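Accompanying notes for the structure given below.
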Amino acid sequence: MKNAKNKIIALLSALLYLSLTALAVLLIREHSASEKTSYLVTMPEDSNPGIFSIEKRGRLKELSGVNSIIGTVTEVYNGSVVVETESDGSFFVTLDTFDSLNEGDRLMVFYSGAILETSPAQFEKELGYLVLTDL
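Sequential numbering from 741 applies to the sequence shown in the working numbering.
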């Protein structure tokens, strides 16, 4: 019984690895076909997310000086939302043109620089966000 359990765990681990590899390949192909910069975000359970830009020929470059917060959308406006975190308060986040979010959606917001002391707080330089509700 224990041997069968170990085989199942190994198979699931291999499938997860193949899925992540396929996703990285798709991101690299999409990046090389467009002029936009693509990013790969790793989200380990025990540390902060790793953020990599996908350079020419699929090379990954880890970005330094990028911070992130995770929170829940509490207010929705035309082109922006307010995100409430568990420990850091509320933040104003600008949305991409085609995104529509709802109250209760979870976001991971990436930023660099200082946090401006407004109410709600704002980021000096907002870099982007991931909608975690869809993951």
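Glycine included, C-beta positions come from ideal geometry on N, C-alpha and C.
This one's a predicted model, so the numbers in the text were calculated from it and none came from an experiment.
8 angstroms contact criterion, which residue i and residue j should meet: CB distance rounded
| i | j | result |
| --- | --- | --- |
| residue 823 | residue 849 | 6 angstroms |
| residue 811 | residue 825 | 4 angstroms |
Residues near residue i by beta carbon distance below 7 angstroms, same chain, minus five either side
| i | result |
| --- | --- |
| residue 867 | 806, 850, 851 and 852 |
| residue 817 | none |
| residue 828 | 809 |
| residue 821 | 813, 815, 833, 835 and 841 |
| residue 750 | none |
First and last residue of the uninterrupted beta strand (DSSP E) at residue i
| i | result |
| --- | --- |
| residue 813 | 807 to 817 |
| residue 790 | 790 to 794 |
| residue 846 | 846 to 856 |
| residue 802 | 800 to 802 |
| residue 780 | 778 to 782 |
Proximal residues to residue i (C-beta, below 6 angstroms), its chain only, five neighbours per side dropped
| i | result |
| --- | --- |
| residue 808 | 789, 848 and 850 |
| residue 870 | 848 |
| residue 795 | 801 |
| residue 830 | 822, 824 and 860 |
Per-residue burial, residue i [other beta carbons within 10 Å of its own, 16 or more giving buried]
| i | result |
| --- | --- |
| residue 863 | buried |
| residue 748 | exposed |
| residue 838 | exposed |
Assigned secondary structure, residue i (DSSP; H/G/I helix, E/B strand, else coil)
| i | result |
| --- | --- |
| residue 834 | strand |
| residue 825 | coil |
| residue 751 | helix |
| residue 872 | helix |
| residue 841 | coil |
8 angstroms Cβ shell around residue i - same chain, five flanking residues per side excluded
| i | result |
| --- | --- |
| residue 792 | 779, 780, 781, 782, 800, 801, 802 and 803 |
| residue 856 | 862, 863 and 864 |
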